[in-house]
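Chains A and B, in that order, are what the protein sequence lines are. Going by our numbering, the first residue of the first sequence is number 162, and it counts up by one from there. Going by our numbering, the first residue of the second sequence is number 162, and it counts up by one from there. Just below is one structure, and these are the notes that go with it.
Protein chains: 2
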Amino acid sequence: MLSSPEYIEKLRKSGLRPTKQRIKICQVLFDTKKTFHFTISDLVKLIETKANEKISLATVYNTIHAFEKKGYLKEISINSSQTYFDTNTTNHHHFFDEKQKELIDLEDIDVDPVKIKKTIPGKKIKSVEVLVKIDSE
Amino acid sequence: MLSSPEYIEKLRKSGLRPTKQRIKICQVLFDTKKTFHFTISDLVKLIETKANEKISLATVYNTIHAFEKKGYLKEISINSSQTYFDTNTTNHHHFFDEKQKELIDLEDIDVDPVKIKKTIPGKKIKSVEVLVKIDSE
DNA sequence: ATACCAGTTTATAATGATTCTAAAGTATTT
DNA sequence: AAATACTTTAGAATCATTATAAACTGGTAT
């Protein structure tokens with residue numbers, strides 16, 4: 162597990178006070194080589210198991226939104242009752258298994274760059290997201 | 162405005178009883194050459210203005226879900242507080258203006274076919290949706 | 001026509017994710 | 001150490017959507 166000091170510095174640099182709760186959430190989210198997808202309720206469960214600590218639901222929401230604003234997380238556009246987040250903030254796309262409610266990364270090599278030929282006057286493209294819904298064969 | 166008999170037949174063919182409410186919603190949704198995007202609350206407003214009739218919110222939800230199941234509507238994957246539907250059921254993609262909460266169609270010629278090179282054993286692709294988020298320049 | 005049945009509509013309540021509130025707590029600055 | 005600004009928190013509020021169950025209606029058989 163990465164030591165707190167590294168997260169403390171990371172948080173400070175972003176203008177976020179390094180509180181106990183934020184450090185704990187950093188550890189749960191970023192203390193792994195593999196990136197992953199999660200919902201808020203997934204994260205609450207992870208905090209309860211990985212860290213033996215209870216963080217208020219409001220704080221979890223606050224923190225995730227703060228991290229998203231700082232660019233440490235990305236929200237993924239899916240129509241689902243819950244919002245999904247991704248610790249992989251690079252440009253990439255997703256499979257979504259609607260049965261298992263599971264997201265799977267598509268690497269850059271899995272999808273050719275999507276070129277959008279249409280332009281809207283006065284508007285610029287912020288992001289291009291491809292969502293591939295999959296189902297059992 | 163298309164006459165009711167045509168919608169009555171269309172509904173019957175799909176195994177849906179042609180009720181007053183369903184016919185009215187058909188007229189509001191399909192009585193136009195141009196397809197469009199809407200949320201449930203958009204639709205409720207449309208029904209109130211175009212048709213001078215009140216349809217219960219529960220019925221609007223029921224009907225839209227029935228129409229979606231029959232393939233007369235498509236749900237669009239966006240992370241938004243409300244779900245968006247599209248009367249254009251052909252394969253196409255979208256711009257989404259997050260400020261104005263507005264969807265704009267991308268025609269086939271605006272986006273090259275998206276080829277997905279990755280496969281998941283036992284799973285087949287159901288849909289490929291591209292969502293292009295746009296913002297003021 | 002009439003009566004019946006399955007499918008529909010409806011008002012209202014329930015649900016559930018998310019956001020708000022405002023009081024108590026904590027990091028940082030003076 | 002005190003002041004200040006930012007955070008956390010429990011619980012309430014919000015809001016889209018879904019569930020409930022009673023009243024209603026279209027289609028069919030009599």
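C-beta: ideal position from N, C-alpha, C; glycine also.
Any beta-carbon of chain B closer than 7 Å to the one on residue i?
{"i": "LEU267 (chain A)", "result": "yes"}
{"i": "ILE295 (chain A)", "result": "yes"}
{"i": "LEU204 (chain A)", "result": "no"}
{"i": "VAL151 (chain A)", "result": "Residue 151 (chain A) lies beyond the residue range present for chain A, which begins at 162 and ends at 298; the question has no answer from this structure."}
{"i": "ILE186 (chain A)", "result": "no"}
{"i": "GLY283 (chain A)", "result": "yes"}
{"i": "THR220 (chain A)", "result": "no"}
{"i": "SER288 (chain A)", "result": "yes"}
{"i": "GLU298 (chain A)", "result": "yes"}
{"i": "GLU236 (chain A)", "result": "yes"}
{"i": "THR280 (chain A)", "result": "no"}
{"i": "THR251 (chain A)", "result": "no"}
Less than 8 Å between C-beta atoms, sequence neighbours within five positions excluded: which residues of the same chain meet that for residue i?
{"i": "PHE177 (chain A)", "result": "For the record, residue 177 (chain A) in the displayed sequence is Leu; it is not Phe. Result list for LEU177 (chain A): ARG183, ALA227, LYS231, in chain order."}
{"i": "LEU267 (chain A)", "result": "HIS253, HIS254, HIS255, PHE256, VAL291, VAL293"}
{"i": "SER202 (chain A)", "result": "GLN243"}
{"i": "GLU229 (chain B)", "result": "LYS235, GLU236, PHE246"}
Measure the C-alpha to C-alpha separation of residue i and residue j and round it to an integer number of angstroms.
{"i": "MET162 (chain B)", "j": "THR248 (chain B)", "result": "Unreliable positioning characterises MET162 (chain B) in this predicted model, as indicated by a pLDDT of 49, which lies under 50. The coordinate reading is nonetheless provided below. Cα-Cα distance, rounded: 17 Å."}
{"i": "LYS171 (chain B)", "j": "VAL289 (chain B)", "result": "28 Å"}
{"i": "GLU167 (chain A)", "j": "LEU218 (chain A)", "result": "25 Å"}
{"i": "ASP269 (chain A)", "j": "LEU190 (chain B)", "result": "39 Å"}
{"i": "LEU264 (chain A)", "j": "HIS198 (chain A)", "result": "7 Å"}
{"i": "LYS260 (chain A)", "j": "ASP296 (chain A)", "result": "7 Å"}
{"i": "THR280 (chain B)", "j": "ASN213 (chain B)", "result": "50 Å"}
{"i": "PRO282 (chain B)", "j": "VAL272 (chain A)", "result": "18 Å"}
{"i": "ILE225 (chain A)", "j": "THR210 (chain A)", "result": "18 Å"}
{"i": "THR188 (chain A)", "j": "VAL275 (chain A)", "result": "The amino acid occupying residue 188 (chain A) in the given sequence is Gln; Thr does not appear at that position. Roughly 34 Å between the two C-alpha positions."}
{"i": "GLU298 (chain A)", "j": "TYR222 (chain B)", "result": "30 Å"}
{"i": "LYS284 (chain B)", "j": "ILE186 (chain B)", "result": "36 Å"}
{"i": "SER241 (chain A)", "j": "SER241 (chain B)", "result": "10 Å"}
Looking only at its chain, what residues have a beta carbon closer than 7 Å to the beta carbon of residue i, apart from the 5 residues adjacent to it on each side?
{"i": "ILE239 (chain B)", "result": "TYR245, PHE257, LEU292"}
{"i": "GLY277 (chain A)", "result": "According to the sequence shown, residue 277 (chain A) is Ile rather than Gly. If we look at ILE277 (chain A) and ignore the five residues flanking it on each side, its Cβ neighbours are ILE286, VAL289."}
{"i": "ILE169 (chain A)", "result": "PRO179, ILE184"}
{"i": "SER165 (chain A)", "result": "ILE184"}
Does the beta carbon of residue i come closer than 7 Å to any beta carbon on chain A?
{"i": "ILE277 (chain B)", "result": "yes"}
{"i": "ASN240 (chain B)", "result": "yes"}
{"i": "ASP273 (chain B)", "result": "yes"}
{"i": "LYS211 (chain B)", "result": "no"}
{"i": "THR244 (chain B)", "result": "yes"}
Measuring alpha carbon to alpha carbon, tell me which residue in the options is nearest residue i.
{"i": "THR220 (chain B)", "options": "B:LEU234, B:LYS235, B:LEU204", "result": "B:LEU204"}
{"i": "LYS262 (chain B)", "options": "B:ILE237, B:SER165, B:ASN223", "result": "B:ILE237"}
{"i": "THR200 (chain B)", "options": "B:GLY283, B:LEU234, B:SER165, B:THR180", "result": "B:LEU234"}
{"i": "THR250 (chain A)", "options": "A:LYS195, A:GLN243, A:THR210", "result": "A:LYS195"}
Using the Cβ count rule (16 or more neighbours within 10 Å means buried), how would you classify residue i?
{"i": "LYS112 (chain B)", "result": "Residue 112 (chain B) lies beyond the residue range present for chain B, which begins at 162 and ends at 298; the question has no answer from this structure."}
{"i": "ILE286 (chain B)", "result": "exposed"}
{"i": "THR193 (chain B)", "result": "exposed"}
{"i": "LYS206 (chain A)", "result": "exposed"}
Leaving aside the five residues before and after residue i along the sequence, list all residues of the same chain whose C-beta is less than 6 Å from its C-beta, in chain order.
{"i": "ILE216 (chain A)", "result": "GLN182, ILE208"}
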